[in-house]
Amino acid sequence: MISMRSPVTFFLVLTVASSICHGQADDPQRPTWFTGTLPQPSSFAAYLPAEPAAPATAAMEFPAAEQRIAQLEAEVGALQNRRFPDPYAVLQHQLDVKDVGSGGLFGEVEVTFLRPHISGAPSAFALGPTVTRTIYSEYSTGIRYGLGYMDDSGVGIRGRYWSLSDDYMCAPPFMPSTLGVGLKTADLELVLTQKLRNWDLAASGGVRYGKLEYFNPSATILGEGILTFEGVGPTLGFQGRRSIGDSGFSVFGTLRGSILLGDVRNASVLTFMPTTTFEDEFMTIGENQLGVAWTTNVNSRFQLEIRSAWETQYWVSSTLSDDVMGIGSNLGLTGPTLAVELKY
């Protein structure tokens, strides 16, 4: 202990201790008469007892855990408040609403601009190189209608009807005679479709009714009257289509073959044949198309398709061969077509 006999020393010690305890060693209010250097507070702090640290809270020790717990609580609350749809209602909606163009009703109208070519040449009158054909054929307009239904599995049924009829001026030496050509076909068939990578394939099979007519309204070197073939038989078809990116355009090709069994009725158009009816005669028909199509969705229920193609048909009968004047039942047709199809 410091003796009371040294008042100056005691006063100095008391002043230094007061500055250390209150952290005011550099207080400007310290006595002006004291010009010495006081010890730094840190040197005394080493000799003072350490104050006990305040207990840390959970938030100070684990702030990330607190945030994660709050996030999980918010997610649980959102799941509890979420309303899930009725699974039966979802299934019914999927059954009622189909992808556009994947199935349903479809109808088409196709305009054909075909030019007939009758086989053979007027050999009996071939007196010069200019006699090379029977008629002056021109492009004639025909209409093809189609209506059908396709389900989501790619199985459907389709009906089609096509007709063409026109008169053509005969070439010499048959002038001024005219020859009329009339054609009709009606198909009822089952259609199967299948996707194969980037190709859309379709096969069809059914029954066809077909009719071919040659008619001459006036008596010239050709007989006056009409020649008809009318028959029924199977028909098979195949179509392949390749999309061009996502442009909506595609290229396609079709093949169709039919074998009809029917009757031939001649009324003097073919003069080498008697005017009578020939039963159980065959007619073979081959058809093909090569073209381009453009498809677009009109809305959520309708799909529109526009097609243009080059079509070829060939009607062949082994029974009715070319006669001496070059007119027979063998008939070819070629020309462009334009079709519009709407799917629901």
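Every position in the sequence shown, counted from 1, becomes a number in our numbering once 5 is added. Yeah, the Cβ is synthetic: ideal placement off N, Cα and C, and Gly gets one too.
Kindly give me the distance between the Cβ atoms of Glu346 and Glu310, rounded to whole angstroms, as I take these residues to be in contact under 8 Å. 4 Å
Through-space distance from Gly267 to Thr282, alpha-carbon basis: 10 Å
Would Leu338 be called buried (16 or more neighbouring beta carbons within 10 Å of its own) or exposed? buried
Can you find at least 3 beta carbon pairs, one from the segment 248 to 255 and one from the segment 214 to 223, that sit closer than 8 Å? Output reads no: the segment 214 to 223 does not touch the segment 248 to 255.
Secondary structure of Arg306, DSSP reduced to three states: Correct three-state label for Arg306: coil.
Reference Arg306; option with closest CA among Leu206, Pro121 and Gly108: Gly108
Could you tell me the distance, in whole angstroms, from the CA atom of Ser209 to the CA atom of Asn271? 33 Å
Environment of Glu194 [buried if 16+ CB atoms lie within 10 Å]: Result: buried.
Distance check for Pro92 and Thr342, CA to CA, integer angstroms please. 48 Å
Where Leu265 and Trp167 are concerned, what is the direct C-alpha to C-alpha distance, given to the nearest angstrom? 16 Å
Buried or exposed: where does Trp320 fall if 16 or more other Cβ atoms within 10 Å of its Cβ makes it buried? Burial call: buried.
Residue burial classification, Lys200 (beta-carbon count within 10 angstroms, cutoff 16): Counting Cβ neighbours within 10 Å, Lys200 comes out exposed, since fewer than 16 surround it.
So which of Val196, Gln76, Thr259 and Thr117 has the shortest CA-CA distance to Ser163? Reading off the sequence, residue 163 comes out as Arg, not Ser. Of Val196, Gln76, Thr259 and Thr117, the residue nearest in Cα terms is Val196.
Cα-Cα separation between Asn392 and Asp157, rounded to whole angstroms: The chain is shown only over 6 to 349; residue 392 falls outside these bounds and no answer can be derived.
If distances are taken between C-alpha atoms only, which option among Phe234, Met288, Phe257 and Ser323 comes closest to Thr300? Phe257
Where are the beta strand (DSSP E) runs, 3 residues long or more, that stay fully inside the segment 234 to 267, in chain order? none
What number of angstroms, rounded off, separates the C-alpha of Pro68 from the C-alpha of Arg202? 55 Å
Close beta carbons around Leu132, own chain, < 6 Å, minus the five adjacent residues each side: Bear in mind that the predicted position of Leu132 carries a pLDDT of just 42, short of 50, making it unreliable; the figure below should be weighed with that in mind. Excluding sequence neighbours, Leu132 sits near nothing in its chain.
Please confirm whether Leu184 and Asn221 have their CB atoms less than 7 Å apart. yes
Mapping DSSP to helix, strand and coil, what is Asn271? strand
Using DSSP's beta-bridge definition, name the partner residues of Ala208. Beta-bridge partners assigned by DSSP to Ala208: Leu197 and Phe243.
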